[in-house]
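Engineer: Under this note's numbering, think of the first position of the sequence shown as 26, with each following residue one higher.
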Amino acid sequence: MLTTAPRGTKDILPQEIENWRYVEAVMRRICAQYGYKEIRTPVFEHTELFKRGIGDTTDVVEKEMYTFTDRGNRSITLRPENTASAVRAFCEHKLYAEPAPTKLYYIGPMFRYDRPQAGRYRQFHQFGIEALGVDTPAIDAEAILLAVTILKELGLKDLHLKINSVGCPKCRPQHRAKLQDYFRPHLEELCDDCKSRFERNPLRLLDCKVPHDHELAAGAPSLGDCLCEECREHFEGVKKLLTAAGIDFEVDNTLVRGLDYYTKTAFEIQYVPLGAQSAVCGGGRYDGLVKEIGGQDVSGIGFAMGMERILLALESQNLLPEHKDGIDAFIVCPNQDNFELAFKTAIALRQAGLKTEFDFMARSMKAQMKQAGRLNAKFAVIFGDGELERGTVTLKNMANSTQTEIPVDEIVTILQTEVQKYE
Ligand code: HAM
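#1: Please determine, among Glu-443, Glu-73, Gly-153, Met-135, the residue with the shortest C-alpha to C-alpha distance to Tyr-146.
#2: Kindly examine ligand 2 and report whether one of its heavy atoms sits closer than 7 Å to the Cβ of Glu-106.
#3: Need the endpoints of the beta strand (DSSP E) that Arg-310 sits in, please.
#4: Any idea what DSSP makes of Met-390, helix, strand or coil?
#5: Grouping DSSP H, G and I as helix and E and B as strand, with all else coil, what is Val-263?
#6: Can you tell me whether Leu-184 is helix, strand or coil according to DSSP?
#7: DSSP beta-bridge partners for Ala-329?
#8: Kindly indicate which residue of Val-191, Thr-290, Leu-170, Lys-195 has the alpha-carbon position closest to the one of Leu-184.
#9: Can you pull the DSSP bridge partners for Asn-422?
#10: Could you tell me if Gln-428 is buried or exposed, where buried requires 16 or more neighbouring beta carbons within 10 angstroms of its beta carbon?
#11: Taking all protein chains shown into account, do 16 or more other C-beta atoms lie within 10 angstroms of the C-beta of Ser-341, making it buried, or fewer, making it exposed?
#12: Would Leu-179 pass as a contact of Val-48 if the rule is Cβ separation under 8 Å?
#13: Would you give the residue range spanned by the alpha helix (DSSP H) that Gly-78 belongs to?
#14: Would you say Thr-288 reaches chain C, if we count a Cβ-Cβ gap shorter than 8 Å as a contact?
#15: Would you mind sorting Gln-376 into buried or exposed? The rule is 16 or more other CB atoms within 10 Å of its CB.
#16: With 16 other CB atoms within 10 Å as the buried threshold, where does Met-330 fall?
#17: Count the CB pairs spanning the region 201-212 and the region 304-314 that are closer than 8 Å, and state whether there are at least three.
#18: Provide the residue span of the beta strand (DSSP E) that contains Val-357, from first to last.
#19: What does the Cβ neighbour count give for Thr-28, buried or exposed, with the cut at 16 atoms within 10 Å?
#20: With DSSP as the reference, label Gln-321 as helix, strand or coil.
#21: Is DSSP giving Pro-432 helix, strand or coil here?
#22: Under the DSSP definition of a beta bridge, which residues are partnered with Thr-94?
#23: Ligand 1 and Gly-158: does the residue's C-beta get closer than 7 Å to at least one heavy atom of that ligand?
#24: Compute the minimum distance between the beta carbon of Gly-249 and the heavy atoms of ligand 1, and state whether it is under 7 Å.
#25: Can you look up Asn-226 in the DSSP assignment and give me helix, strand or coil?
#26: Which term fits Tyr-296, buried or exposed, when burial requires 16 or more other beta carbons within 10 angstroms of its beta carbon?
#27: Apart from the five residues on each side of it in sequence, which residues of its chain come closer than 7 Å, Cβ to Cβ, to Thr-419?
#28: Just how far apart, CA to CA, sit Glu-365 and Thr-72?
#29: Among Ala-122, Gly-80, Ala-371, which has the Cα closest to the Cα of Arg-225?
#30: Compute the minimum distance between the beta carbon of Tyr-146 and the heavy atoms of ligand 1, and state whether it is under 7 Å.
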């Protein structure tokens, strides 16, 4: 028990870290091209923020939050997503004082108590963006383009972009009434959650994962038919710009997303080969959220991608670059009488910027040479008794096994020059 991580969590081991860094570097680079700046918010917030922001009839809030009372008797929740937190920070720090749009991005852990399976974890990581303060279709199209560009830059093909408009508070009541008319004759057949959603938030009926309800939802009246003029025009504008940018998409009227804050544009990108957890990216517009949590009437749009899912996709397609891990020098010092000199040399080499290792355990010469090979050292610096008497050490090039004797006081300068030849 003590040596096992909690269910649904995962250690990211040293051999995997390079892959994470590679993906993060692509995201950061493209965010910079699009003018997005990084924000880091706390991993926990007041529970009320998520209840108000995400909506208390959503699965995330009803079933998946890690909520606890802290020692000061406050209700605290580990963030299940970062949009509400980013919007909270936007209000708290008056980021709206700068000219719009405020463009933010984040990468970090999120927490949802869900049934773990491949691609679904209780602690997972999201990369996401939020653009606040602009409500034209161009910023929606730009956000979608940014997501697609990152996934394409990583080399992913077989991406499937679905978009929809989920309307606004003006047109939703009409859809709500139609949904209730549709589901009313089936009320008794619905799961308990859906029965309670029927009155509280019938749109959530479209999002139910119970097979019978899910099938029923497929025939439900489409929101597309109820959109008001403003929402329809906005959606047309987004589609037009995506087409102009050469982005393939499918309009899917059943796409409602699992969080309540969405208005107008909603979208998801699936990487089909991932199977059940194929959604690698989800997002949309949330024009009421800033006001809902107590800020001004400011619109917003954003998305988040599941880092683990992206890494799974890249791995399955062999799209992760090979990382050649290695060090510059390994100091081999079989005689412990010479250890202090070897230790000081290692310090000097590291100060000169070289990746240097040495043996801590008084191993034999053979074992130390083996260790140099295992660590992929470019050079072994051998502190042999005979050489040291002559004021020298042996420098062994590990790639071609050539050996030269070099003066002890020139080790740093010579190695610097030699290592440079590899760069
Ligand atoms: P979401 O659709 O709940 O949206 O999550 C976005 C992405 O996070 C999913 O498409 C998936 O890749 C990943 N994800 C979600 N849950 C898990 C999990 N349990 N394990 C692994 N990956 C997961 C949001 O979170 C919104 N905040 C996105 C957004 C930003 N909308 C506007 N701005």
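Where a beta carbon is used, it is the ideal one built from N, C-alpha and C, also for glycine.
Structural biologist: The short version:
#1: Out of Glu-443, Glu-73, Gly-153, Met-135, Met-135 has the C-alpha closest to the C-alpha of Tyr-146.
#2: Ligands displayed in this structure: ligand 1; ligand 2 is not among them.
#3: Its beta strand (DSSP E) spans residues 304-310.
#4: Reduced to three states, the DSSP call for Met-390 is helix.
#5: Looking at Val-263 - three-state DSSP - the assignment turns out to be helix.
#6: If DSSP states are grouped into helix, strand and coil, Leu-184 belongs with the strands.
#7: Within the DSSP secondary-structure output, Ala-329 pairs in a beta bridge with Gly-153, Gly-307.
#8: Selected option, being the one with the closest Cα: Leu-170.
#9: Answer is Phe-404.
#10: Exposed: under 16 other Cβ atoms inside 10 Å.
#11: When all chains shown are included, Ser-341 counts as exposed.
#12: Closer than 8 Å, so yes.
#13: Taken as a continuous stretch (DSSP letters only), the alpha helix (DSSP H) holding Gly-78 covers 72-79.
#14: Within the model displayed, chain C is absent; a lone protein chain is all it includes.
#15: Burial call: exposed.
#16: With 16 or more other Cβ atoms from the protein chains shown falling within 10 Å of its own Cβ, Met-330 counts as buried.
#17: The region 201-212, when compared against the region 304-314, does not touch it at the 8 Å Cβ threshold.
#18: DSSP places Val-357 inside the beta strand (DSSP E), whose first and last residues are 352-357.
#19: Counting the other Cβ atoms within 10 Å of the Cβ of Thr-28 gives fewer than 16, which makes it exposed.
#20: Of the three classes helix, strand and coil, the one that applies to Gln-321 here is coil, per DSSP.
#21: When DSSP states are grouped into helix, strand and coil, Pro-432 belongs to the strand group.
#22: Note: Thr-94 sits in a beta bridge opposite Ser-100.
#23: Gly-158: no, Cβ never under 7 Å from ligand 1.
#24: Checking the 7 Å criterion, the Cβ of Gly-249 is out of range of every heavy atom belonging to ligand 1.
#25: Note: Asn-226 maps to coil in three-state DSSP.
#26: The residue in question, Tyr-296, is buried, as its Cβ has 16 or more Cβ neighbours within 10 Å.
#27: So the list reads Ile-407, Gly-409, Glu-412, Gln-428, Glu-430, once near-sequence residues are dropped.
#28: Spanning the two alpha carbons is a distance of roughly 56 Å.
#29: Gly-80 is the residue among Ala-122, Gly-80, Ala-371 whose C-alpha sits nearest the C-alpha of Arg-225.
#30: Answer for Tyr-146: yes, Cβ within range of ligand 1.
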